[in-house]
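No gaps in the numbering here: position 498 of the sequence shown is 494 in this note's numbering, and each next residue is one more.
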Amino acid sequence: MSTDALKGIGLVDVTLSDLGTPPWGSRIAPDELGSAAAALAPEGARVLEAMDPSAARACMDGRTESPLDRLRVVARFAGSTPVGLVLASHTLLGDVAVGPGVARRLVQSAAMSGVSRVRAFDALNDPESLRPIAEGAGEAGVAFVPTLLLGPWPEASDPRWVEEAIALASLPGAVALCVSDVGCNLTPMRLGALVAEIVAVSPIPVEVSVRAPGGLASMSALAAAVAGADAIHAAVGAVALVAGRPSAEALEAALHGGDRELDARRESLEEAGRVIWPLVPPERVRRAAELAGGPQVSLPPDLAAGLTARLARQGLAGRLHEAADECAAVSRDLGGVTLAPPIGEDIVSQAARHVLDGVRWRETTPALAVVAMGGRGRLRGPVADAAMAVARGAAVSIPTPDLEAVLAAAPSDVSEEDAIVLAQFPDSGRRLLDRRRSLASEESGEAGPGIDRGLLETLIEVVEGAGQSEVSVEIGGARVTVRPAAPAGSAASGPVVQADDGHRVESPMVGTFYSAPNPDSGPFVAVGDRVVQGQTLCIIEAMKIFNEITADRAGTVREIKVQNAEPVEFGQALFILTP
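This is the structure:
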């Protein structure tokens, strides 16, 4: 595409999807999500990317809410601003591979939920793996944007990147091509050079998505803009900081007065930033600051945080760079697969095992074995002999049910939309169905495990009359949470949960409880210890990321409700603190 025709630079706002990243996204209630969408709508973005696989897992695993229900909330508050969805090839929004018919049906359901654009990526940049999503977008009448994922291999100067970009841009119905470097693989100068090459040959506009700690993301975004990118992915306010994204406010200011300005309204960006800020937990800001000030590695920020915590638990924090380099080596050994979700987590875990064990390719996961054996699309390079040897031993037949099989396996009282969600999220999907049945029983007045209206009225009285900010109960798989409505344009405060004679510290996510930083260390706290606000109480491992849980107030540890290495659920009590 000729750069002569380029004028303003479009904004693809990714605030909502980045805000929903686990485990923090499980804290965002639908009314808060709606307030955020309403605040972002006036800024002039070309699209609000509201949901991606990471955010979908947070709302399913942490809140037992359908991603499509969340998209409907955003679409209702976004007004005329287009709403976008991001899908992975094969696994779509979840971790389970499904057939092409399921992909097409999910896109249709998303379109009926208010989505007008679908962006898709494949860990191997294989166009054929994205074709079902492209076809589904065409059938549903929504825009389709394929994504070129940049990875640690091959080198940025390798012509294969441009060749893959051209192949992806040629998919049917593609309206733009996204070049994505969310792992800080290329320096800003190298990214700008590659974007210029792709812009020169792409038949469709090129947009750029980057993530990197500190100010590096904004520098890369500026380099891409100068190189001719038609649009830049950015976030507003604190979300840009914690997600390692370019700041939309900073980008607008940096490009103001130049030949190509950012097509966004400065005042609206600033106002949206003020509304979004209270939705970002302080511990997430602290974690982002630690990553920005710590060692810089070529990994997506969430994977870098998980790897850092895993090594620290083993007393090997000083080997972070070695482990990051091993991630690149594993990627190369597996035929050049990128670190895209969900396969990126398996690559990082494989590399961590190599470093911790001191032996490469002793074993591997079924997911990586499927990749090595070509089960996830054409490989971008040869597979190392050692990787192939263990892959043959670990490979298992993983079924990829298509639409007919998914619908046939679903319970008879389940809608087609929920059956598709269940196929992608087998465990949390069953909890979602239980929740829907419970609420349906209560509404119809039938006997069953529903929440009766009298109980709901009692909960409302507790919240309004006793000053509680949130009360939750769960019966029959349905969790009902009552909180005061957030004022327009503002966020609800965080929950304060009182036990009979103490303060409950609850798990903000589904995961595994660890009482100590590593197996050789003592616990963070013991019964009788005095703790201060912000002090680390434990670690919850969720999706291979180790998350520190801190005290939200000062007090004395009266009771520890969970044993070390036990699984915990969202909202489960971990500690009881007394004043």
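Cβ atoms here follow ideal geometry from the backbone N, Cα and C, with glycine treated the same way.
Within 10 Å of its beta-carbon, does residue i have 16 or more other beta-carbons around it, so buried, or fewer, so exposed?
i	result
Glu322	buried
Met108	exposed
Thr77	buried
Asp516	exposed
Thr574	exposed
Gln494	In this prediction, Gln494 scores a pLDDT of 46, lower than 50, which makes its location untrustworthy; the coordinate-derived value is nonetheless stated afterwards. So Gln494 counts as exposed.
Glu61	buried
Asn560	exposed
Arg306	buried
Glu160	buried
Ala54	buried
Ala522	exposed
His229	buried
Pro378	exposed
Gly446	Its pLDDT being 46, under 50, Gly446 is placed unreliably in this model, and the value from its coordinates should be taken loosely. Flag for Gly446 reads buried.
Pro18	buried
Looking at the structure shown, is residue i part of a helix, part of a strand, or coil, going by DSSP?
i	result
Val92	coil
Val553	strand
Pro155	coil
Val191	helix
Asp361	Before going further, note that residue 361 is Thr rather than Asp in the sequence given. It is coil, neither helix nor strand.
Gln559	coil
His350	helix
Ser408	coil
Pro445	Caution applies to Pro445, whose pLDDT of 46 falls short of 50 and renders its modelled position unreliable; the model cannot decide the point.
Glu279	helix
Val326	helix
Thr166	Position check: residue 166 holds Ser in this sequence, whereas Thr was assumed. In the structure shown, Ser166 sits in coil (DSSP, three-state: anything other than H, G, I, E or B).
Phe73	helix
Leu316	helix
Thr11	helix
Leu83	strand
Arg475	Unreliable positioning characterises Arg475 in this predicted model, as indicated by a pLDDT of 48, which lies under 50. A coordinate reading is not provided.
Met56	helix
Ile200	coil
Pro142	strand
Ile394	coil
Leu120	coil
Thr304	helix
Arg309	helix
Val493	Confidence at Val493 is low in this model, with a pLDDT of 45, below 50, so the placement of that residue should be treated as unreliable; the coordinate-derived value is given next. Coil at Val493, not helix or strand.
Leu533	strand
Leu451	Residue confidence for Leu451 is low, a pLDDT of 48 falling below 50, so the modelled location carries little weight; the figure read from the coordinates is stated next. It is helical.
Between the Cα of residue i and those of the options, spot the shortest distance and give me the residue it belongs to.
i	options	result
Arg600	Val558, Val386 and Phe571	Not covered by the structure: residue 600. The range shown for the chain is -3 to 575.
Val222	Val238, Leu251 and Asn543	Leu251
Val238	Glu248, Gly253, Ala208 and Ala227	Ala208
Gly30	Ser205, Asp423, Met56 and Leu275	Leu275
Leu12	Lys3, Ala34, Leu352 and Gln292	Ala34
Arg315	Ala336, His350 and Ile343	His350
Gly147	Thr17, Gly169, Pro337 and Ala25	Pro337
Val111	Ala74, Ser125 and Pro123	Ala74
Ile416	Asp48, Leu36, Ser105 and Ala54	Ser105
Met215	Gly80, Leu173 and Cys180	Cys180
Ala136	Ser85, Leu102 and Ala165	Leu102
Ala119	Gly132, Gly134 and Asp177	Asp177
Asp27	Ala71, Trp149 and Ala320	Ala71
Val402	Asp57, Val235, Val94 and Pro155	Val94
Asp9	Leu44, Asp398 and Thr17	Leu44
Arg433	Gly507, Ser411 and Pro422	Ser411
Ala213	Asp226, Leu303 and Met185	Met185
Ala165	Tyr510, Phe140, Arg328 and Pro19	Phe140
Ala365	Pro397, Leu330 and Arg374	Leu330
Ser578	Ala300, Val367, Gly132 and Glu413	Look at the range of the chain in this structure, -3 to 575, and you will see that residue 578 is not part of it.
Pro38	Leu265, Ala406 and Glu131	Leu265
Ala32	Val202, Leu67, Asn514 and Glu151	Leu67
Asp298	Gly340, Gly567, Arg328 and Val204	Gly340
Gly80	Asp122, Ala133 and Thr87	Ala133
Met47	Ile343, Gly370, Leu89 and Ala347	Leu89
Assuming residue i and residue j form a contact by the criterion Cβ under 8 Å, report the distance between their Cβ atoms to the nearest whole angstrom.
i	j	result
Gly524	Thr552	7 Å
Ala268	Val232	5 Å
Ala99	Pro128	4 Å
Glu547	Val528	Note that residue 547 is Ala in the sequence shown, not Glu. Yes, Ala547 and Val528 are in contact; Cβ-Cβ is about 7 Å, under 8 Å.
Leu190	Leu182	7 Å
Ala114	Leu144	Note on residue identity: the sequence assigns Val, not Ala, to residue 114. So it is not a contact: roughly 16 Å between Cβ atoms.
Leu15	Ile24	6 Å
Ala130	Leu167	5 Å
Open item on the list: Does the contact criterion of 3 or more C-beta pairs under 8 Å hold for the segment 378 to 391 versus the segment 351 to 365?
Closed with: yes
Open item on the list: Under 8 Å: do the segment 243 to 262 and the segment 499 to 506 share three or more Cβ pairs, one atom per stretch?
Closed with: no
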